[in-house]
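A quick write-up on the structure given underneath.
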Amino acid sequence: TSLRIRGAEGHHTVVLIDGVKLNDPSSTQGGFDFGNLLIGDASRIEVLRGAQSTLWGSQAIGGVVNIVTTEPTEAFQGSLDAEAGARGTTYFRGGVGGANERLSWRLAASRYSTDGYSAYAAGTEKDGYDNTGLSGRLNLKITDAVSVDLRSMWSSGRVDLDAWNGDSRDYGKTQELVAYAGLNFDLLDGRFRNRIGYAHTDTDRRNFNPDNKIQTLTFDAKGQNRRWEYQGVFAVTEALNATFGVEHEKSEMKSRSLGDWNPNAAYGRGDAELNSVYGQVQWTVLDGLTLTGGLRYDDHAQYGDNLLGQVAAAWSLNDGATVLRASWGQGFRAPGLYELYSEYGNLDLQPEESDSWEIGVEQRLFDRAVVSATYFQRDSDNEIDYGYCLPGDAHPICGQPYGGYYQNIQKAEAKGVELIGRFDVTERLHLNANYTWTDAKNAVGEHEGKRLRRRPEHMGNLAADYDWAFGLKTGLSVRYVGESFNDLANAVKVDAFTLVDLRASYPIDENLEVYGRIENAFDEEYQTVLGYGTAGRGVFGGVRVRF
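Taken in order, the sequence shown gives residues 365 to 911; the numbers are from this note's numbering.
Now the structure itself:
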């Protein structure tokens, strides 16, 4: 499960939890799999659209998603949530924590289980899912200027799978571990903030087919990422701030596909190292006008060095009621380890490169509304995608039973418009709406002019929330996703769909709240990837306790 931003590939989105970068080097393109992520302990989710290479890494071509977990604000506090609903679903989560002048800490746990629905769209067998998660964070102030930061997250999931052509008893297991340790220290009366950190991610994934007679294990992969980093933020003057840092990252993976046909398959193994130096300056040239410029230098063990630039400008007018903004940035992504060294790998792959820019305006209206419009464009070279072997294909893998391999599709273009609006119609009625038009296409080769697969041209969302005088809160969400294509040749279409969700919550007292929701209220039949099942109507309810 991946997230595409502005028509970019899912692996062009950098995902963070509390600023810690998540990725699995053994996943198909080295990105993060959202399928095993439960966000019950998240306090907010921040999304940065467009190239963000300077601070977040050269592969942040599409954007960045930062999930911020709950921080305690009182000496001791806790929460317990319980939910049940459609398809035998139960979800329990809880957490405790505390904060004082020197110490802030929190521990949280969750358990999710559902009977699910068929992963094969035409299937009838239910495919369930179970997930157990633990997380913890601790921040200790040694002095007013020095603190230690520790964080960790662990999850274990089991999901039932189906074969490509029908129901089966296949299932997969995944374990993920994320750990971070950091030392923060301030100098020059807090004007110079420093952070030294180490982050570690470890992912184990295994798939099984219990009906196999010789080897029930069908897929086995392990990915590990270790990252050392330093970042400094220096307030040079009130108008000039500088952010700079160095990073060292080492990734390792091993992966194999096996079964009765190849019960003792060897691992494909690979590793890579990346050293980076970056710097960014933000200068308030005059009241309301801010200019930002940054550079990032990457030295990749296999693909050499690369220098990226990024510039941006924001001009706030009319006491902040109007904001004009523009930016330009570059991206660079070396092929992932799975793309290079798995059984579908291709050692001839070239790095992906991109140039992107955007221009936009935001306007506040009558202290009740905020509307914005953004035009974006991105040109990419050497984008990597999975391609099937064609007749006469001389690549060595085409003599194997896998049927395809990762290839550079040479050049792609994406452009579009984002419209966003937030309206406080009354003190009780609030509306949020957005619409995105995306034109993402292959730019050269056999499929020149064809839309990139699974990139809907039109997407829109509308949410309406009403706060009743007696405490009840109700809401409605409508999501429209236009048609897309399931293949590079645009021969197989994925139909458009519209989903409607309803929600309500009511506080019994200041510590207890009951809530409910209806997902896919009109029981729309739809697919986001051709052949894969999706959830029908579901009714859920639960309670939230705070203490």
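The beta carbon of each residue, even a glycine, is placed where N, CA and C say it ideally should be.
Please read all numbers here as calculations on a predicted model, not as lab measurements.
How big is the Cα-Cα spacing for residue 808 and residue 905?
Here residue 808 corresponds to residue number 444 of the sequence shown, with the count starting at 1. Here residue 905 corresponds to residue number 541 of the sequence shown, with the count starting at 1. Answer to the nearest angstrom: the Cα atoms are 51 Å apart.
CA-to-CA distance, residue 595 to residue 454, given in whole angstroms
Within the sequence shown, numbered from 1, the residue matching residue 454 stands at position 90. Within the sequence shown, numbered from 1, the residue matching residue 595 stands at position 231. In a straight line, the C-alpha of residue 454 is about 41 Å away from that of residue 595.
Identity of the residues DSSP links to residue 416 by a beta bridge
Here residue 416 corresponds to residue number 52 of the sequence shown, with the count starting at 1. Answer by DSSP bridge pairing: none, since residue 416 is not bridged.
In whole angstroms, give me the CA-to-CA distance for residue 470 and residue 911.
What you label residue 470 is simply residue 106 of the sequence shown in a count that begins at 1. What you label residue 911 is simply residue 547 of the sequence shown in a count that begins at 1. In a straight line, the C-alpha of residue 470 is about 14 Å away from that of residue 911.
Please state whether the Cβ-Cβ distance between residue 448 and residue 458 is less than 8 Å.
Within the sequence shown, the letter at position 84 stands for residue 448. Within the sequence shown, the letter at position 94 stands for residue 458. In this structure, residue 458 does not lie closer than 8 Å to residue 448 by Cβ.
For my contact list, residue 544 and residue 563 are in at a C-beta cut-off of 8 Å; report their separation, rounded to the angstrom.
As a first step, residue 544 must be located in the sequence shown, where it is residue number 180. As a first step, residue 563 must be located in the sequence shown, where it is residue number 199. That belief holds up - the Cβ atoms of residue 544 and residue 563 are roughly 5 Å apart, short of 8 Å.
What's the C-alpha gap between residue 704 and residue 710?
Position 340 of the sequence shown, counted from the start, is the residue given in the question as residue 704. Position 346 of the sequence shown, counted from the start, is the residue given in the question as residue 710. Cα to Cα, residue 704 sits roughly 5 Å from residue 710.
Measuring CB atoms only, is the segment 713-720 touching the segment 680-690, in the sense that at least three cross pairs come out at less than 8 Å?
no
Which one or two residues does DSSP pair with residue 722 in a beta bridge?
In the sequence shown, residue 722 corresponds to position 358, counting from 1. DSSP, once it has assigned bridges, lists 691 and 740 as partnering residue 722.
Three-state secondary structure assigned by DSSP to residue 653
For this step, residue 653 is matched to residue 289 along the sequence shown. Three-state result, residue 653: strand.
Output the distance between the C-alpha atoms of residue 505 and residue 549, rounded to the nearest integer angstrom.
Taking the sequence shown and counting its residues from 1, the one referred to as residue 505 is at position 141. Taking the sequence shown and counting its residues from 1, the one referred to as residue 549 is at position 185. Looking at the two C-alpha atoms, the distance is approximately 10 Å.
If residue 452 and residue 484 are in contact, beta carbons under 8 Å, what's the gap, nearest whole angstrom?
Counting from one through the sequence shown, the residue named residue 452 turns up at place 88. Counting from one through the sequence shown, the residue named residue 484 turns up at place 120. Going by Cβ atoms, the distance from residue 452 to residue 484 rounds to 19 Å, so no, they are not a contact pair.
Measuring alpha carbon to alpha carbon, tell me which residue in 876, 864, 816 and 844 is nearest residue 854.
Reading the sequence shown from its first residue, position 490 is the one you call residue 854. When each option's Cα is compared against that of residue 854, the closest is 816.
Closest to residue 811 by CA distance: which of 429, 832 and 776 is it?
Position 447 of the sequence shown, counted from the start, is the residue given in the question as residue 811. Checked all of 429, 832 and 776; the closest Cα to residue 811 is 776.
Buried or exposed, going by whether 16 or more other CB atoms sit within 10 Å of the CB of residue 431?
Taking the first residue of the sequence shown as 1, we reach residue 431 at position 67. Buried: at least 16 other Cβ atoms inside 10 Å.
Is the separation between the beta-carbon of residue 366 and that of residue 619 shorter than 8 Å?
Here residue 366 corresponds to residue number 2 of the sequence shown, with the count starting at 1. Here residue 619 corresponds to residue number 255 of the sequence shown, with the count starting at 1. Taking 8 Å as the Cβ cut-off, residue 366 and residue 619 do not qualify as a contacting pair.
Label residue 628 either buried or exposed according to how many other C-beta atoms from any shown protein chain fall within 10 Å of its C-beta, with 16 as the threshold for buried.
Here residue 628 corresponds to residue number 264 of the sequence shown, with the count starting at 1. Residue 628 comes out exposed.
Hey, would you say residue 552 sits closer than 8 Å to residue 558, going by beta carbons?
Position 188 of the sequence shown holds residue 552. Position 194 of the sequence shown holds residue 558. No, the pair does not count as a contact, with Cβ atoms beyond the cut-off.
Provide the residue span of the alpha helix (DSSP H) that contains residue 703, from first to last.
Here residue 703 corresponds to residue number 339 of the sequence shown, with the count starting at 1. First-last of the alpha helix (DSSP H) with residue 703: 701-705.
Going by C-alpha distance, which of 735, 750 and 835 is nearest residue 799?
For the purposes of this step, residue 799 is identified with residue 435 of the sequence shown, where counting begins at 1. Answer by Cα proximity: 735.
One or two residues paired with residue 618 in a DSSP bridge:
Taking the first residue of the sequence shown as position 1, residue 618 is located at position 254. Looking at the DSSP assignment, residue 618 forms a beta bridge with 586 and 633.
Out of 862, 395 and 717, which one is the CA nearest neighbour of residue 588?
To locate residue 588, count along the sequence shown from 1; it is residue 224. Taking only the C-alpha atoms, the option nearest residue 588 is 395.
Taking only the alpha-carbon atoms, compute the straight-line gap between residue 747 and residue 844 and give it to the nearest angstrom.
Locating residue 747 in the sequence shown gives position 383, counting from the first residue. Locating residue 844 in the sequence shown gives position 480, counting from the first residue. Taking the straight line joining both Cα atoms gives about 28 Å.
If you follow the beta strand (DSSP E) that residue 910 is part of, which residue opens it and which one closes it?
In the sequence shown, counting from the first residue as 1, residue 910 sits at position 546. Taken as a continuous stretch (DSSP letters only), the beta strand (DSSP E) holding residue 910 covers 902-910.
Would you list the one or two residues that DSSP bridges to residue 597?
Taking the first residue of the sequence shown as position 1, residue 597 is located at position 233. DSSP output for residue 597 lists 557 and 607 as bridge partner(s).
What does the Cβ neighbour count give for residue 752, buried or exposed, with the cut at 16 atoms within 10 Å?
By 1-based counting over the sequence shown, the position of residue 752 is 388. It is exposed - the Cβ of residue 752 has fewer than 16 other Cβ atoms within 10 Å.
Determine the contact status of residue 534 and residue 573, defining contact as a CB-CB distance below 8 Å.
For this step, residue 534 is matched to residue 170 along the sequence shown. For this step, residue 573 is matched to residue 209 along the sequence shown. It is a contact, given that the beta carbons lie within the stated cut-off.
Under DSSP, the beta strand (DSSP E) around residue 801 begins and ends at which residues?
For the purposes of this step, residue 801 is identified with residue 437 of the sequence shown, where counting begins at 1. Looking at the DSSP string, the run of the beta strand (DSSP E) that includes residue 801 is 793-806.
Give a yes or no on whether the C-beta atoms belonging to residue 418 and residue 642 are separated by under 8 Å.
As a first step, residue 418 must be located in the sequence shown, where it is residue number 54. As a first step, residue 642 must be located in the sequence shown, where it is residue number 278. For residue 418 and residue 642, yes; Cβs fall inside 8 Å.
Per-residue burial, residue 465 [other beta carbons within 10 Å of its own, 16 or more giving buried]:
Residue mapping note: residue 465 aligns to position 101 of the sequence shown, counting from 1. So residue 465 ends up on the exposed side.
Is the beta carbon of residue 835 less than 8 Å from the beta carbon of residue 870?
What you label residue 835 is simply residue 471 of the sequence shown in a count that begins at 1. What you label residue 870 is simply residue 506 of the sequence shown in a count that begins at 1. Their beta carbons are under 8 Å apart, which means residue 835 touches residue 870 by this criterion.
Look at residue 522 and residue 433 and say whether their C-beta atoms are less than 8 Å apart.
Reading the sequence shown from its first residue, position 158 is the one you call residue 522. Reading the sequence shown from its first residue, position 69 is the one you call residue 433. Their beta carbons are not under 8 Å apart, which means residue 522 does not touch residue 433 by this criterion.
Applying the criterion that 16 or more other CB atoms from any shown protein chain within 10 Å of the CB defines a buried residue, is residue 438 buried or exposed?
Your numbering for residue 438 matches position 74 in the sequence shown. When all chains shown are included, residue 438 counts as exposed.
By alpha-carbon positions, which one of 902, 443, 510 and 885 ends up nearest to residue 474?
Position 110 of the sequence shown holds residue 474. When each option's Cα is compared against that of residue 474, the closest is 443.
From residue 673 to residue 590, what does the alpha carbon distance come to, in whole angstroms?
For the purposes of this step, residue 673 is taken as the residue at position 309 of the sequence shown. For the purposes of this step, residue 590 is taken as the residue at position 226 of the sequence shown. Cα-Cα distance, rounded: 25 Å.
What would DSSP say about residue 452, mapped onto helix, strand or coil?
The residue labelled residue 452 in the question sits at position 88 within the sequence shown. Helix, per DSSP.
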